[in-house]
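Peer 1: Just so you know, we're using the numbering used here here: the sequence shown kicks off at 19 and counts up by one. C-beta: ideal position from N, C-alpha, C; glycine also. Note that this is a predicted model, so its numbers are computed, not measured.
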Amino acid sequence: MRHPIYWGYVVFLTGVGLWRNSTALVLETLAVGLILLAWVLLVEDPGLKRRFGTRFLEYRRSAPLLCPYWKELYYDVVDYNWILLLTATLCRKLFPFLWNVKAEGLEHVPQEGGFVIVCNHVNYVDGFLMGMFLNRPVRYMATDELFRKPITRVLFTLWGAFPKRRWSRDISALRKMRKWLSEGQPVCIFPEGQRNWDGGPVLVGDEVYRFLYSCQVPIMCVSLLGAHEAFPRWAKLPSFTELTVKFFPMIQPGEYQNASDLRKVIEARIFDFVNQPPIERRILNSHSGINIVTWGCLKCGGVRTMEETETGLKCRKCGASWLVNSRLELIDEQDGRVLREREYHSLLKKRLAAGTLQGGYATSSPAFAFSIESTDNLIKLGPGTLTIDENVIAFAGGEVEISMNVRDIKFAYLNLANHLVVNDGQGAFQFALTDDSPVRWEDYVTAIRRLSGEVHETGQDTGDNNEAAAANDQVE
Numbered sequence: 019m020r021h022p023i024y025w026g027y028v029v030f031l032t033g034v035g036l037w038r039n040s041t042a043l044v045l046e047t048l049a050v051g052l053i054l055l056a057w058v059l060l061v062e063d064p065g066l067k068r069r070f071g072t073r074f075l076e077y078r079r080s081a082p083l084l085c086p087y088w089k090e091l092y093y094d095v096v097d098y099n100w101i102l103l104l105t106a107t108l109c110r111k112l113f114p115f116l117w118n119v120k121a122e123g124l125e126h127v128p129q130e131g132g133f134v135i136v137c138n139h140v141n142y143v144d145g146f147l148m149g150m151f152l153n154r155p156v157r158y159m160a161t162d163e164l165f166r167k168p169i170t171r172v173l174f175t176l177w178g179a180f181p182k183r184r185w186s187r188d189i190s191a192l193r194k195m196r197k198w199l200s201e202g203q204p205v206c207i208f209p210e211g212q213r214n215w216d217g218g219p220v221l222v223g224d225e226v227y228r229f230l231y232s233c234q235v236p237i238m239c240v241s242l243l244g245a246h247e248a249f250p251r252w253a254k255l256p257s258f259t260e261l262t263v264k265f266f267p268m269i270q271p272g273e274y275q276n277a278s279d280l281r282k283v284i285e286a287r288i289f290d291f292v293n294q295p296p297i298e299r300r301i302l303n304s305h306s307g308i309n310i311v312t313w314g315c316l317k318c319g320g321v322r323t324m325e326e327t328e329t330g331l332k333c334r335k336c337g338a339s340w341l342v343n344s345r346l347e348l349i350d351e352q353d354g355r356v357l358r359e360r361e362y363h364s365l366l367k368k369r370l371a372a373g374t375l376q377g378g379y380a381t382s383s384p385a386f387a388f389s390i391e392s393t394d395n396l397i398k399l400g401p402g403t404l405t406i407d408e409n410v411i412a413f414a415g416g417e418v419e420i421s422m423n424v425r426d427i428k429f430a431y432l433n434l435a436n437h438l439v440v441n442d443g444q445g446a447f448q449f450a451l452t453d454d455s456p457v458r459w460e461d462y463v464t465a466i467r468r469l470s471g472e473v474h475e476t477g478q479d480t481g482d483n484n485e486a487a488a489a490n491d492q493v494e
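(1) Just how far apart, CA to CA, sit Leu-75 and Leu-52?
(2) Roughly how many whole angstroms lie between the Cα atoms of Val-222 and Ile-284?
(3) Taking contact to mean at least 3 C-beta pairs separated by less than 8 Å, is the region 163-183 in contact with the region 229-237?
(4) Give the secondary structure of Asp-350 by DSSP, where H, G and I count as helix, E and B as strand, and everything else as coil.
(5) Could you say if the region 299-309 and the region 242-261 meet the contact criterion of at least three C-beta pairs nearer than 8 Å?
(6) Can you pull the DSSP bridge partners for Trp-340?
(7) Given 8 Å as the limit, is there contact between the region 105-116 and the region 140-156, that is, 3 or more CB pairs closer than that?
(8) Rounded to the nearest angstrom, what separates Ala-412 and Ile-427 at their Cα positions?
(9) Residue ranges of each alpha helix (DSSP H) run of no fewer than 4 residues wholly in the region 180-243, ordered along the chain?
(10) Is Thr-327 close to the ligand FMN? I mean its beta-carbon at under 7 Å from any heavy atom of the ligand.
(11) Three or more C-beta pairs closer than 8 Å, one from the region 448-467 and one from the region 395-414: is that the case here?
(12) Kindly indicate which residue of Leu-396, Ala-248, Phe-266 and Glu-122 has the alpha-carbon position closest to the one of Pro-236.
(13) What does DSSP give as the partner residue(s) for Lys-254 in the beta ladder?
(14) Can you check which of these residues, Asp-394, Arg-458, Val-439 and Phe-208, is closest to Ser-383 by C-alpha distance?
(15) Terminal residues of the continuous beta strand (DSSP E) containing Tyr-431?
(16) Once you ignore the five residues that flank Cys-315 on each side, which residues in its own chain have a CB closer than 7 Å to its CB?
(17) Are the beta-carbon atoms belonging to Glu-533 and Leu-375 less than 8 Å from one another?
(18) If we call anything under 8 Å between Cβ atoms a contact, is Ala-277 one with Asp-350?
(19) Along the alpha helix (DSSP H) that carries Phe-70, what are the first and last residues, could you check?
(20) If we count the other Cβ atoms within 10 Å of its Cβ and call it buried at 16 or more, is Glu-163 buried or exposed?
(21) Quick check: what's the CA-CA separation for Gln-448 versus Glu-125?
(22) To the nearest angstrom, report how far apart Gly-26 and Glu-62 are at their CA atoms.
(23) Just the C-alpha distance for Thr-47 and Val-58, rounded to the nearest angstrom, thanks.
(24) Assuming Val-496 is part of the beta strand (DSSP E), what are its boundary residues?
(25) Using C-beta distances below 8 Å, list every residue in its chain close to Leu-346, excluding the 5 sequence neighbours before and after it, in chain order.
(26) Taking Phe-113 as part of the alpha helix (DSSP H), name the residues at either end of that continuous run.
(27) Could you check whether the region 196-214 touches the region 113-124, counting it as contact only if at least three pairs of C-beta atoms, one from each stretch, sit closer than 8 Å?
(28) Where does the unbroken alpha helix (DSSP H) through Ala-49 begin, and where does it stop?
(29) Return the chain-ordered ranges of every alpha helix (DSSP H) run that is complete within the region 374-411 and spans a minimum of 4 residues.
(30) Compare the Cα-Cα distances from Ala-49 to each of Cys-206, Tyr-431, Ile-135 and Leu-31 and report the closest residue.
(31) Do Thr-452 and Phe-386 have their beta-carbon atoms positioned less than 8 Å apart in this structure?
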């Protein structure tokens, strides 16, 4: 629109007159507007034409005098993601009732151009917590499980998400990501590939960073502080607490010699919460469900012996007990030793790796099995017993028998429904543990794969190093 200052004042003063119910002010403003219109048509526009010639004529054709071109306005409405804008607005209004959410480093967010947002993954609303502070649409890479049902498929598509299969290689998702980056759109990924259980980082495969390095586009790291205390994965309800969304300065991959150097810089930022003290949970600070993570006793090595009490945890086998405070710290009631949730879980996994837990690597549990044929085709196989030892993970129930060599497993993770998903390259299966901790089973599979050399300490799986493998195990 040409001459926006003139018309801006006219609209503003007319609005003031209507608000004050002042007919005189409205009429006076309209009169001034007519005078300004005459001035523009008779004096100012002819003067600009004499001064700038064809440049002004081209400008006049592209910029209307009073009303915007309706065709351009139509495309502005259609192209903008109004669903995302509405969702961000609702989040800004609703989240303060649960969490005191604040943002740091918003000055680092670019206003144009394509870049990758890399963020730690803690709970269901990570994308919304981050997106509510961004003033431009963002594409989100998300697990294909969110797209299995029509309602969630429509919603997450409207929110800018696109699916990626976690249970098999998915090159198409990577190609989509490259395409949108080349078009100048920001794309967000959660390299851990799943929400963490204990408030600590999840190991990320090297292939993720090789893919990011190969893209050679700017990377902005985001760290969510207090998100685990706000809504742990094992909890049924969120807690009232403080929460910070921290945006870091942009990273240029070309400034680093290799993907390994890039990895160090990214993880130092997205896992910045590791160096921060735990956050106090003010209301609804229940620890119900925490024994999904603390599935064994550090004192006696008992497995599945931990039971929740009103104040904390107690081992049925040896009687050892821990108090769980409002910061999700475990306090040994015998010697007063304080462990954060992730520290307890880490020590538990170390004992498992050392073979000092009850039963060693062999264990079994009732489960319900599914066969994953495609994103939309999940076949029920029925109930049975899931077993694992140092060599084989197997399922038997009725006429169904499944057996996979641990060395052949390509993917193993806990999905959105907290079911164990295993793929050995020949088939993908999903197991819903009936009365057991899914975290325990993931820990067992990971420990045995590491024992057999299939998982390295960096989290990298052995196998192909080409783009087909890049970012597929872990990028959600």
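Peer 2: In short, the structure shows the following:
(1) Here the alpha carbon of Leu-75 sits roughly 23 Å from the alpha carbon of Leu-52.
(2) Each residue's alpha carbon lies about 11 Å from the other.
(3) These segments do not touch.
(4) Three-state DSSP puts Asp-350 in a strand.
(5) Put simply, the region 299-309 touches the region 242-261. At least three CB pairs are less than 8 Å apart.
(6) Per DSSP, Leu-331 and Asp-350.
(7) A contact exists between the region 105-116 and the region 140-156.
(8) One C-alpha to the other measures close to 12 Å.
(9) Runs of the alpha helix (DSSP H) spanning 4 or more residues and lying entirely within the region 180-243 occur at 189-200 and 224-233, in chain order.
(10) The ligand content of the structure shown is nil, which means the ligand FMN is not present either.
(11) Taking 8 Å as the limit for Cβ pairs, the verdict is that the region 395-414 does touch the region 448-467.
(12) For Pro-236, the nearest C-alpha among the options comes from Phe-266.
(13) DSSP, once it has assigned bridges, lists no residue as partnering Lys-254.
(14) Minimum Cα-Cα distance from Ser-383 among the listed residues Asp-394, Arg-458, Val-439 and Phe-208 corresponds to Arg-458.
(15) Unbroken beta strand (DSSP E) run through Tyr-431: 429-432.
(16) For Cys-315, where only same-chain residues beyond five positions count, the Cβ hits under 7 Å are Thr-323, Met-324, Cys-333, Lys-335, Cys-336 and Ala-338.
(17) Residue 533 is absent from the structure shown; the chain starts at 19 and stops at 494.
(18) No. Outside cutoff.
(19) Counting along the chain, the alpha helix (DSSP H) containing Phe-70 begins and ends at 63-70.
(20) Buried.
(21) Put simply, the backbone Cα of Gln-448 is about 43 Å away from that of Glu-125.
(22) Rounded to the nearest whole angstrom, the CA to CA distance from Gly-26 to Glu-62 is 17 Å.
(23) Thr-47 and Val-58: Cα-Cα distance of roughly 16 Å.
(24) Here the chain covers residues 19 to 494 and nothing more, so residue 496 does not appear.
(25) Gly-217, His-246, Glu-247, Pro-250, Pro-296, Arg-299, His-305, Ile-308, Arg-358 and Glu-359, listed in sequence order.
(26) 100-116 is the extent of the alpha helix (DSSP H) around Phe-113.
(27) The region 196-214, when compared against the region 113-124, does not touch it at the 8 Å Cβ threshold.
(28) Note, Ala-49: alpha helix (DSSP H), 41-57.
(29) You should have found no qualifying run.
(30) Nearest C-alpha to Ala-49: Leu-31.
(31) Yes, the Cβ-Cβ distance between Phe-386 and Thr-452 is below 8 Å.
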